[in-house]
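S.K.: Have a look at the structure that comes next, please.
In the numbering used here, the protein residues as written are 1 to 112.
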């Protein structure tokens with residue numbers, strides 16, 4: 001089980017917070033009353049990411065499967081966060097790469 005996320009409100013006596021900056025880190029004192037949001041810990045790894053990605057594309061929550069949304073000649077934009085600075089770092093293969101490959105396969109099959 002991962003740790004839950006939480007929110008803390010900074011006080012005047014709160015220490016400086018550490019921030020990622022380029023290749024390193026720096027500390028910055030934030031104003032009193034600032035809300036700092038800590039996300040939950042990472043989830044357990046998937047036994048087979050390719051199977052999970054395929055299922056997500058075939059059975060997305062609240063919409064049609066990707067292949068039903070694609071049609072020949074349409075334009076498709078795939079957007080991800082900056083893969084040159086993965087936070088947190090991922091062990092290969094990067095899941096973003098796997099998703100992009102699966103989406104491109106489906107797009108190609110539909111003539112996109």
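Virtual Cβ for every residue (Gly too), placed ideally from N, Cα, C.
Identify every residue that forms a DSSP beta bridge with residue 28.
M.R.: Position 28 of the chain shown, counted from the first residue, corresponds to residue 28. Residue 28 pairs with 17.
S.K.: Exposed or buried, which one is residue 106 when buried takes at least 16 other CB atoms within 10 Å?
M.R.: Along the chain shown, one-based indexing puts residue 106 at 106. Buried, since its Cβ has 16 or more Cβ neighbours within 10 Å.
S.K.: Could one say the Cβ of residue 64 lies closer than 9 Å to chain B's Cβ atoms, at least one of them?
M.R.: Absent here is chain B; the protein component of the structure consists of one chain.
S.K.: Just how far apart, CA to CA, sit residue 110 and residue 17?
M.R.: As a position in the chain shown, residue 110 is number 110, starting the count at 1. As a position in the chain shown, residue 17 is number 17, starting the count at 1. Approximately 49 Å, taken between the alpha carbons.
S.K.: In angstroms, rounded to a whole number, what distance separates the CA positions of residue 92 and residue 77?
M.R.: On the chain shown, residue 92 is found 92 positions in, with the first residue counted as 1. On the chain shown, residue 77 is found 77 positions in, with the first residue counted as 1. Answer to the nearest angstrom: the Cα atoms are 24 Å apart.
S.K.: Do you know offhand how far residue 55's Cα is from residue 29's?
M.R.: As a position in the chain shown, residue 55 is number 55, starting the count at 1. As a position in the chain shown, residue 29 is number 29, starting the count at 1. Computed Cα separation, rounded: 44 Å.
S.K.: How is residue 78 classed by DSSP in three states: helix, strand or coil?
M.R.: Sequence index remark: in the chain shown, residue 78 carries index 78 (1-based). Residue 78 falls in the coil class under three-state DSSP.
S.K.: Indicate whether residue 102 and residue 46 have their beta-carbon atoms separated by less than 9 Å.
M.R.: Counting from one through the chain shown, the residue named residue 102 turns up at place 102. Counting from one through the chain shown, the residue named residue 46 turns up at place 46. Not closer than 9 Å, so no.
S.K.: Output the distance between the C-alpha atoms of residue 10 and residue 81, rounded to the nearest integer angstrom.
M.R.: Residue 10 sits at position 10 when you count from the first residue of the chain shown. Residue 81 sits at position 81 when you count from the first residue of the chain shown. Computed Cα separation, rounded: 28 Å.
S.K.: Between the Cα of residue 44 and those of 108, 3, 99 and 98, spot the shortest distance and give me the residue it belongs to.
M.R.: Sequence index remark: in the chain shown, residue 44 carries index 44 (1-based). Checked all of 108, 3, 99 and 98; the closest Cα to residue 44 is 3.
S.K.: Which same chain residues end up closer than 7 Å to residue 39 when comparing Cβ atoms and leaving out the 5 residues on each side of it in sequence?
M.R.: Locating residue 39 in the chain shown gives position 39, where the first residue counts as 1. Cβ within range, chain order: 5.
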